[in-house]
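Sequential numbering from 6 applies to the sequence shown in my numbering.
Beta carbons are placed, not taken as given, at the ideal position from N, Cα and C, and that holds for glycine.
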Amino acid sequence: MLFNTRSIIDSCVGILYPKRCVGCEKVLLKIEKEAGICRACSKKIKIVGPISCMKCGSPIVDEAEEFCINCKKTSHYFDQNKAVFRYESPIKESMYRFKYSNRRCYAKTYARHAYKIYGSWIRENSIEAIIPVPMYTPKEKRRGYNQAAVFAKELGKLASLQVLEDLIQRDKETEAMKALNRLKRKKNLLNAFTLNENVVQFRKVLIVDDIYTTGTTLNSVAKVLKHGGAAHVYGLCISIGEAK
Ligand SMILES: [Zn+2]
Ligand SMILES: [Zn+2]
């Protein structure tokens, strides 16, 4: 056969839905397609890089410091977290569209960059499975998807790791907690997740999420996993802000 059916379908899809930049939505040029980011946005988007907190992965200003201000005074259930991009424009807007405007297709680009930067870190830590931070079920039904799970699946394909979407359940709606003060909110979120199985079958797992803000979400999921028997719990987020 002269033509491969799959490639014909792919090129038709490409004409109907051309691949767009995750930063600005511009239709990508052929040479930009692999990165998924246009040339202009590549100049603006900031990768977190190696000068980051050894614990939570947030960028730090002083190169000589190993940990950020937050991690110096707080202990975490997770072993280490890494993040790909700094939560600044145009990634900030990109994350918003990924989450609220059905841009599930961005996950491929995010995962490709995440794997390129942290693929060896995933292997070095002998991660056995990926766990996306779950959404509260009624909320996921309204939105139609859990962005962390969409990202987890793409990363799982690249890293050849299984994705455990149903291992953990979220019992509380985070938005409903907005009225609570920071301390109460933290306390509340620490008990927002439950394990759907008695024991975690894996010793080393990776939790993935879209944004790392205070670390409370990641920490709460890590707590449940460690209590369930996981020996090492790591985190990988698409974006992260400066340590607060
Ligand atoms: Zn762009
Ligand atoms: Zn830190």
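Looking at ligand 1, does it come within less than 7 Å of A40, judged from the CB to the closest heavy atom? By 1-based counting over the sequence shown, the position of residue 40 is 35. False, no ligand heavy atom lies under 7 Å from that Cβ.
From this set, A153, S80, N201 and K209, which residue's C-alpha is nearest A112's C-alpha? Taking the first residue of the sequence shown as position 1, residue 112 is located at position 107. Nearest C-alpha to A112: A153.
Does the pairing of the region 113-125 with the region 89-96 give three or more beta-carbon distances under 8 Å? yes
Any non-hydrogen atom of ligand 2 within 7 Å of K78 CB: For the purposes of this step, residue 78 is taken as the residue at position 73 of the sequence shown. Result no, Cβ not under 7 Å from ligand 2.
How close, in whole Å, do the beta carbons of D84 and V138 come, if the pair is a contact with beta carbons under 8 Å? Numbered from its first residue, the sequence shown carries residue 84 at position 79. Numbered from its first residue, the sequence shown carries residue 138 at position 133. Rounded, the Cβ-Cβ distance is 16 Å, inconsistent with contact.
Consult DSSP for Q85 and reduce its assignment to one of helix, strand or coil. The count along the sequence shown starts at 1 and reaches residue 85 at position 80. Of the three classes helix, strand and coil, the one that applies to Q85 here is strand, per DSSP.
Is DSSP giving R109 helix, strand or coil here? Here residue 109 is taken as the residue at index 104 of the sequence shown, counted from 1. Coil, per DSSP.
Alpha-carbon spacing of K78 relative to K24, whole angstroms: If you number the sequence shown from 1, residue 78 lands on position 73. If you number the sequence shown from 1, residue 24 lands on position 19. In a straight line, the C-alpha of K78 is about 44 Å away from that of K24.
Give the list of continuous beta strand (DSSP E) stretches no shorter than 3 residues that lie fully inside the region 154-184. 173-175
Measuring alpha carbon to alpha carbon, tell me which of R108, F72, Y82 and I65 ends up nearest C26. Here residue 26 is taken as the residue at index 21 of the sequence shown, counted from 1. If we check each option's Cα against that of C26, R108 comes out closest.
Quick one: using the 10 Å Cβ neighbour count with 16 as the cut-off for buried, is V204 buried or exposed? Here residue 204 is taken as the residue at index 199 of the sequence shown, counted from 1. Counting Cβ neighbours within 10 Å, V204 comes out exposed, since fewer than 16 surround it.
On the DSSP letters alone, give me the boundaries of the alpha helix (DSSP H) that A134 sits inside. Along the sequence shown, read from residue 1 onward, the residue named residue 134 stands at position 129. Counting along the chain, A134 falls outside any alpha helix (DSSP H), though it belongs to the beta strand (DSSP E) covering A134 to P137.
Thinking C-beta only, is S225 closer than 8 Å to A197? Taking the first residue of the sequence shown as position 1, residue 197 is located at position 192. Taking the first residue of the sequence shown as position 1, residue 225 is located at position 220. Contact: yes.
State the start and end residues of the unbroken beta strand (DSSP E) segment that holds V66. One-based indexing of the sequence shown puts residue 66 at position 61. Per DSSP, V66 belongs to no beta strand (DSSP E) and is neither H nor E.
Per DSSP, what kind of secondary structure is G124 in: helix, strand or coil? Here residue 124 is taken as the residue at index 119 of the sequence shown, counted from 1. The answer is helix: DSSP assigns G124 an H, G or I state.
Answer yes or no: does any C-beta atom of chain D fall closer than 8 Å to that of F90? The structure shown contains no chain D; it is built from a single protein chain.
To which residues does DSSP link K209 through a beta bridge? As a first step, residue 209 is located in the sequence shown; it is residue number 204 there, counting from the start. Note: K209 sits in a beta bridge opposite H237.
Bridge partners for I74 per DSSP, in chain order? In the sequence shown, counting from the first residue as 1, residue 74 sits at position 69. I74 pairs with nothing; no bridge assigned.
Got a sec: does ligand 2 put a non-hydrogen atom nearer than 7 Å to the Cβ of C242? On the sequence shown, residue 242 is found 237 positions in, with the first residue counted as 1. No, Cβ of C242 sits at least 7 Å from all heavy atoms of ligand 2.
Should A248 be listed as close to ligand 2, given that the test is whether its C-beta is under 7 Å from any heavy atom? Taking the first residue of the sequence shown as position 1, residue 248 is located at position 243. Correct: A248 has its Cβ closer than 7 Å to ligand 2.
Out of K35, E30 and V155, which has the shortest C-alpha to C-alpha gap to E98? Here residue 98 refers to the residue found at position 93 of the sequence shown. The option with the nearest alpha carbon to E98 is E30.
Heavy atom of ligand 1 within 7 Å of K31 beta-carbon: The residue given as residue 31 occupies position 26 in the sequence shown. Yes, Cβ of K31 sits closer than 7 Å to a heavy atom of ligand 1.
I'd like to check one pair, H81 with K104: are the Cβ atoms closer than 8 Å? The count along the sequence shown starts at 1 and reaches residue 104 at position 99. The count along the sequence shown starts at 1 and reaches residue 81 at position 76. It is not a contact, given that the beta carbons lie outside the stated cut-off.
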